[in-house]
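Working notes, beginning with the structure itself.
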Amino acid sequence: MSTQNAASLVWTGAQERPDAVALREGERSWTFAQLREGVRGAAAELARRGVRPGDRVLVVVPTSAEFVLTYHALLALGATAVTVNPLCTPRELEHFVRDAGCTYALGWHEGVEAVMRTAADNDIPLWVLEPGAVPAEGPAIDPAAVGVDDAAVLLYTSGTTGTPKGAVLTHGNLLSCGAALAEALDLTAEDRMGTALPLFHVFGQAAVMFTTWTAGGSLSLLRPFEPRALLRMAADQRLTGVAGVPTMWNAMLHADTDVTAEDLADLRLACSGGAALPLEVAKAFRDRFGAMVLDGYGLSETTGAATFNRADHTRKEMSVGRALPGCALAVLDDDRRPLPPGETGEVAISGPVVMREYWGRPEATDEVRSGEWFLTGDIGRMDEDGDLWIVDRKKDLVIRGGYNVYPREVEEVLYGHPGIREATVIGVPDERLGEELAAVISPQDGTTLDPAELRAWLEERLAAYKVPRIYQLVEELPKGATGKILKRDIDRTDIARSGQRPSRASTPTA
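In our numbering, the protein residues as written are -17 to 492.
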């Protein structure tokens, strides 16, 4: 067995704790031995369908046991999983397929139209999954021999360019993420972790799944997220850990539920990520349910891992904690020199969790490297204890309910509308989601734009979470001397209050 293959965690669990529960989803569960057999069954089926080592496979599958089985099967075969949001439109999927050079696709039986169209247009085979579609067992194969720097996953992120780039995460990245977080969180084989996070995203996929199985613990999945259901799952399964984004914790805090702190007596790890969690929310959750929510910081390019607040350190308000084991942090000035504690600059990360490269983009890769450091584009400061604060995010990035949305991508689509002269997309304050997307638009002369029709038009071209919910029509957008649109001159609070909020034209299927 290749211990450098990230899928080896499942084999290790099957050898060391074959009868221990590894995975739960709804009423279904798998021991480690059963999970290994299921991964073998998925690997044999994928190989029968033509998937080979080195292939890039588009995975358009929601959080499910089938995602887990086929994902680990791809890694075990030595193929690369290109995991994307099941809400993506054909336009978005087309970019992923062509950019990554995908030769195969996996879809889900619900909302399968977009991936079916993309697969057909690109003449690549498609396996449509549904519960129970994966063979329960397969031939006694072991994970393929791979190097720590061999690609395991391509995770697409827009960065600051607006064009989605594939961050190449290696087998070594995934195993290092799991090892670092398992050590920081003091996880053991007796821990039971649960989440409703999407597994296509780095948080659920790497920081939760690999961390849990590095320690030999069990993982419980819930889809879709519903605050009362996640609390009930935590109580019924006596979970010791739950992971979610800040909007999930806020929703659970205010949930109308009969689950009490006594019901969650086993819950010692409440892990948050994706955006900064207000300390008041963490305190209120502890007051109601007995567990303090701790958060951390990471990016897709760092396998979702860089820092974490730990239970044995005093939580400092709005800090994302200290560097994980094996990782190092720096705050750099404009000349990329380290700054002293308390000074504000660009956050940089080094360690085995940093991606190998951006797929097929050597210049973009070089732009985020400075010696040993990965340059995050985030602005932050550190204190003398090594605790990190993120002061500002990547320019213009909007984090909507835990999803990263890069306005330039949305703006590029808006500029394809014949009635739009100029447009900009910004994040505005939102009590429920943290930030909401707003489009500020200047129509073509003599053109009348209907925000409801514009939202429907965008829904055909963008994943639902990228579609602005707020629209403001203006005669002219603010500009600087060079003609550049000045987003900072737009009153976000006013837009949030006065912008039009047309209803959704259709209901997402995933």
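Yeah, the Cβ is synthetic: ideal placement off N, Cα and C, and Gly gets one too. From a predicted model like this one, the values you see are computed outputs, not experimental measurements.
Under the three-pair Cβ rule at 8 Å, the segment 224 to 231 counts as touching the segment 246 to 256. Our two residues, Gly129 and Val64, have alpha carbons roughly 19 Å apart in a direct line. Per the Cβ contact rule, the segment 334 to 352 is not in contact with the segment 405 to 412 (fewer than 3 Cβ pairs under 8 Å). Residue range 452 to 455 is occupied by the beta strand (DSSP E) that includes Gln454. The residue from Asp269, Arg268, Ala216, Ser254 with its alpha-carbon nearest to that of Asp245 is Ala216. Note that the C-beta distance between Leu51 and Ala24 is below 8 Å.
Taking the CA atoms as reference points, Ala162 sits about 12 Å from Arg292. For the options Leu137, Met98, Glu48, the alpha carbon positioned closest to that of Val116 is the one of Glu48. Three or more Cβ pairs drawn from the segment 441 to 453 and the segment 69 to 79 lie within less than 8 Å of each other, which places the two stretches in contact.
For Tyr397, there is no enclosing alpha helix (DSSP H), as DSSP marks it with neither H nor E. The alpha-carbon of Glu457 is positioned some 5 Å away from that of Ser424.
Arg210 has its alpha-carbon roughly 28 Å from the corresponding atom of Arg483.
Ala149 and Pro180 have their alpha carbons spaced roughly 18 Å apart. In the DSSP annotation of this structure, the continuous segment of the beta strand (DSSP E) that includes Ile331 starts and ends at 327 to 332.
Within the same chain, Cβ atoms closer than 8 Å to the Cβ of Ser352 are found at Leu314, Arg318, Ala330, the five residues on either side in sequence being excluded. Where Pro146 is concerned, there is no enclosing beta strand (DSSP E), because DSSP gives it neither an H nor an E.
In this structure, the alpha-carbon of Val422 lies about 27 Å from that of Ile372. Looking at Glu172, Ala420, Arg363, the one whose alpha-carbon comes closest to that of Ile381 is Ala420. For Leu40, the uninterrupted beta strand (DSSP E) run begins and ends at 38 to 41, by DSSP. In the DSSP assignment, the residues bridged to Cys253 are Ala225, Leu276. By the neighbour-count definition (other C-beta atoms within 10 Å, threshold 16), Met300 is an exposed residue.
The beta-carbon separation of Ala55 and Val21, rounded to 5 Å, stays under the 8 Å limit for a contact. Membership of Ala237 in any beta strand (DSSP E) is not indicated, and neither H nor E is assigned to it by DSSP. Residue burial is scored here from C-beta neighbours: Leu468 has fewer than 16 other C-beta atoms within 10 angstroms and is therefore classed as exposed. Within the model, the alpha-carbon separation for Gly398 versus Ile361 is close to 32 Å. Only buried fits Ser158, as 16 or more other CB atoms lie within 10 angstroms of its CB.
When the beta-carbon positions are compared, Gly160 and Gly256 stay at least 8 Å from each other. For Leu306, the secondary structure class from DSSP, reduced to helix, strand or coil, is coil. Short of 8 Å from the beta carbon of Arg18, and not among the five residues preceding or following it, lie these beta carbons of its own chain, in chain order: Val(-8), Trp(-7), Gly(-5), Ala(-4). Secondary structure at Phe207: coil, using DSSP grouped into helix, strand and coil. When C-alpha distances from Gly333 are compared across Ala346, Pro323, Glu76, Leu311, the shortest belongs to Leu311. Within the same chain, Cβ atoms closer than 8 Å to the Cβ of Arg474 are found at Ile408, Gly409, Val410, Pro411, Ala420, the five residues on either side in sequence being excluded. For Leu59, the enclosing alpha helix (DSSP H) stretches over residues 47 to 59. Look at Ala171 here: in three-state DSSP terms it is coil, with no helix or strand label. In the DSSP assignment, Trp371 is bridged to Ser301, Arg363. In the DSSP assignment, Glu95 falls within the unbroken alpha helix (DSSP H) covering 95 to 103.
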